[in-house]
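Asker:
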Amino acid sequence: MKKRTMNQDWITTARTLSEALPYMQRYSGAIVVVKFGGNAMGDADAMAEFARDIVLMRQVGVNPVVVHGGGPMINDLLGRLGIESKFVRGKRVTDQATVEVVEMVLTGLVNKRIVQAIMDEGGRAVGLSGKDDDLMVCEADDPELGFVGRPIEMNVQVLRDLFAAGIIPVVAPVATGMDPLETFNVNGDTAAGAIAGALKADRLLLLTDVSGVKDTSGEVVTAMTPDDVRRMTADGTIAGGMIPKTETALKAIEQGVRAVVILDGRVSNACLLELFTDHGAGSLIRRPSPAPTPE
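According to our numbering, the sequence shown is numbered sequentially starting from 5.
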């Protein structure tokens with residue numbers, strides 16, 4: 005007769021799964037847009053863990069969309085090709101030669117790595133860019149920066165079609181312009197926010213290399229309203245690289261996204277912690293709940 009001693013880790017795992025059930029029910033059928041970038045993209049183990057989390061989300065009924073960046077890979081290829089980068093007010097000028105490299109790296113190397121990682125974990129994924137089916141149409145954000153785009157038109161039916169087929173879309177932030185054969189490089193956070201807004205997503209998760217929005221004492225603020233964000237930006241508490249992320253969050257909420265979370269993508273299973281546990285992860289930004297109507 006075979007005997008098995010109950011291991012405390014197994015009991016804990018079963019309890020965790022049981023406690024996650026209400027959250028799985030809550031997000032079944034929901035659209036969650038995930039901006040993936042940072043250090044995790046260059047680490048094979050972190051990439052595999054991220055892909056496993058995305059596959060699990062799809063398995064329990066969530067409709068995830070992955071939008072990715074790829075700055076370090078772009079910089080590496082530009083250097084190897086001897087293409088010099090120029091900057092205006094600290095921002096890279098994307099000329100014709102640079103935007104061609106951006107498109108090659110983002111829609112080719114990076115996009116297909118993420119698709120392959122998801123497939124390796126048992127999911128179904130299709131890689132596309134903002135050019136496919138005119139998903140994202142842009143105009144120049146600043147003429148001095150060249151082919152850096154600002155989304156002006158979104159056509160997200162292709163993403164809904166992929167959801168219906170049980171497929172996870174993986175989107176490279178490269179877009180078409182209004183002129184024939186025009187190509188724009190789009191900031192990854194900006195692209196993710198525009199896609200989430202067009203889909204009226206339940207959640208936009210912005211994975212970063214920091215733990216979230218911090219207050220003046222250095223503590224992460226776990227829940228914020230748009231007014232809190234504006235106040236903290238005005239008094240300088242939100243500064244530097246966090247400003248464009250919170251601006252993306254505010255715009256996405258204005259366009260109909262229920263909530264945006266800025267969270268640390270270096271934390272194991274960060275997306276699952278945020279969606280399926282009481283603990284959550286990072287800083288959640290959403291409109292305050294309306295006051296109850298008097299009877």
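Beta carbons: idealized from backbone N, C-alpha and C, even for Gly.
(1) Note down, in chain order, each residue of its chain lying with its Cβ closer than 7 Å to the Cβ of residue 57, except the 5 sequence neighbours on either side.
(2) Only counting the same chain, and skipping five residues up and downstream in sequence, which positions put a Cβ closer than 8 Å to that of residue 224?
(3) At which residues does the beta strand (DSSP E) containing residue 262 begin and terminate?
(4) Looking at the strands, I want to know which residues DSSP matches up with residue 189.
(5) To which residues of the same chain is residue 311 closer than 8 Å at the C-beta, ignoring the five residues directly before and after it?
(6) Grouping DSSP H, G and I as helix and E and B as strand, with all else coil, what is residue 168?
(7) In this structure, what does DSSP give as the bridge partners for residue 204?
(8) Could you say which of 37, 117, 21 lies nearest to residue 164 if we only look at CA atoms?
(9) Sorted by chain position, which residues of the same chain lie with C-beta nearer than 8 Å to residue 91's C-beta, five sequence neighbours on each side aside?
(10) Please state if the CB of residue 290 and the CB of residue 206 are separated by a distance shorter than 8 Å.
(11) Relative to the alpha-carbon of residue 73, which residue among 124, 257, 191 has its alpha-carbon at the smallest distance?
(12) Closest to residue 200 by C-alpha separation, out of 55, 70, 53, would be which residue?
(13) Quick check: residue 220 and residue 241, are their CB atoms within less than 8 Å of each other?
(14) Do residue 195 and residue 177 have their beta-carbon atoms positioned less than 8 Å apart in this structure?
(15) Using the Cβ count rule (16 or more neighbours within 10 Å means buried), how would you classify residue 19?
(16) So what's residue 133 in DSSP terms, helix, strand or just coil?
(17) What residues in its chain sit with their C-beta under 7 Å from that of residue 186, if we drop five residues either side in the sequence?
(18) If I measure Cβ to Cβ from residue 208 and keep anything under 6 Å in the same chain, skipping five residues before and after, which residues do I get?
(19) Leaving aside the five residues before and after residue 60 along the sequence, list all residues of the same chain whose C-beta is less than 8 Å from its C-beta, in chain order.
(20) For residue 147, which of 99, 141, 67, 120 has the nearest alpha-carbon?
(21) Among 182, 226, 49, 140, which residue has its Cα nearest to the Cα of residue 118?
(22) Using DSSP bridges, identify the partner residues of residue 330.
(23) Here's the rule: buried if 16 or more other CB atoms are within 10 angstroms of the residue's CB, otherwise exposed. What is residue 145?
(24) Could you tell me the boundaries of the alpha helix (DSSP H) in which residue 59 lies?
(25) Contact check, residue 153 vs residue 189 under 8 Å by CB: the rounded distance?
(26) How would you label residue 16, buried or exposed, when you count the other beta carbons within 10 angstroms and need 16 or more for buried?
Answerer: So, from the data block:
(1) Position 53 of the sequence shown, counted from the start, is the residue given in the question as residue 57. Within the same chain, residue 57 has close Cβ partners 273, 275, 276.
(2) Working through the sequence shown from its first residue, we reach residue 224 at position 220. These residues qualify, in order along the chain: 215, 216, 217, 218, 286, 287.
(3) The residue you call residue 262 lines up with position 258 of the sequence shown. Residue 262 -> no beta strand (DSSP E), and no H or E assigned at all.
(4) Position 185 of the sequence shown holds residue 189. According to DSSP, which records beta bridges pairwise, residue 189 is partnered with 152, 178.
(5) Absent from the structure is residue 311, since the part of the chain shown begins at 5 and ends at 299.
(6) Here residue 168 refers to the residue found at position 164 of the sequence shown. DSSP places residue 168 in helix when its eight states are reduced to three.
(7) What you label residue 204 is simply residue 200 of the sequence shown in a count that begins at 1. According to DSSP, residue 204 bridges with nothing at all.
(8) Walking along the sequence shown from the start, residue 164 turns up at place 160. Measuring from the Cα of residue 164, the nearest candidate turns out to be 37.
(9) For the purposes of this step, residue 91 is taken as the residue at position 87 of the sequence shown. Result list for residue 91: 97, in chain order.
(10) For the purposes of this step, residue 206 is identified with residue 202 of the sequence shown, where counting begins at 1. For the purposes of this step, residue 290 is identified with residue 286 of the sequence shown, where counting begins at 1. Contact flag unset, no.
(11) As a working note, residue 73 is residue 69 in the sequence shown. Residue 73 has its Cα closest to that of 191, out of 124, 257, 191.
(12) Within the sequence shown, the letter at position 196 stands for residue 200. Ranking the options by Cα distance to residue 200, first place goes to 70.
(13) For the purposes of this step, residue 220 is taken as residue 216 along the sequence shown, with counting starting at 1. For the purposes of this step, residue 241 is taken as residue 237 along the sequence shown, with counting starting at 1. Going by C-beta atoms, residue 220 is nearer than 8 Å to residue 241.
(14) Translated into the one-based positions of the sequence shown, residue 177 becomes position 173. Translated into the one-based positions of the sequence shown, residue 195 becomes position 191. In contact: residue 177 and residue 195 (Cβ atoms closer than 8 Å).
(15) As a position in the sequence shown, residue 19 is number 15, starting the count at 1. The residue in question, residue 19, is exposed, as its Cβ has fewer than 16 Cβ neighbours within 10 Å.
(16) Taking the first residue of the sequence shown as position 1, residue 133 is located at position 129. Correct three-state label for residue 133: strand.
(17) One-based indexing of the sequence shown puts residue 186 at position 182. Here the set comprises 180.
(18) Counting from 1 along the sequence shown, the entry for residue 208 is found at position 204. Contacts found: 37, 200, 256, 261, 264.
(19) The sequence position of residue 60 within the sequence shown is 56, counting from 1. The answer, listed in chain order, is 276.
(20) Residue mapping note: residue 147 aligns to position 143 of the sequence shown, counting from 1. Residue 99 is the option with its Cα nearest to residue 147.
(21) The residue given as residue 118 occupies position 114 in the sequence shown. Nearest option by C-alpha distance: 49.
(22) Summary: the structure shown does not reach residue 330, with the chain confined to residues 5 through 299, and so no result is reported for it.
(23) Sequence index remark: in the sequence shown, residue 145 carries index 141 (1-based). Burial call: buried.
(24) Counting from one through the sequence shown, the residue named residue 59 turns up at place 55. Note, residue 59: alpha helix (DSSP H), 48 to 63.
(25) Your numbering for residue 153 matches position 149 in the sequence shown. Your numbering for residue 189 matches position 185 in the sequence shown. Correct: roughly 7 Å between the Cβ atoms.
(26) As a position in the sequence shown, residue 16 is number 12, starting the count at 1. Under this definition residue 16 is an exposed residue.
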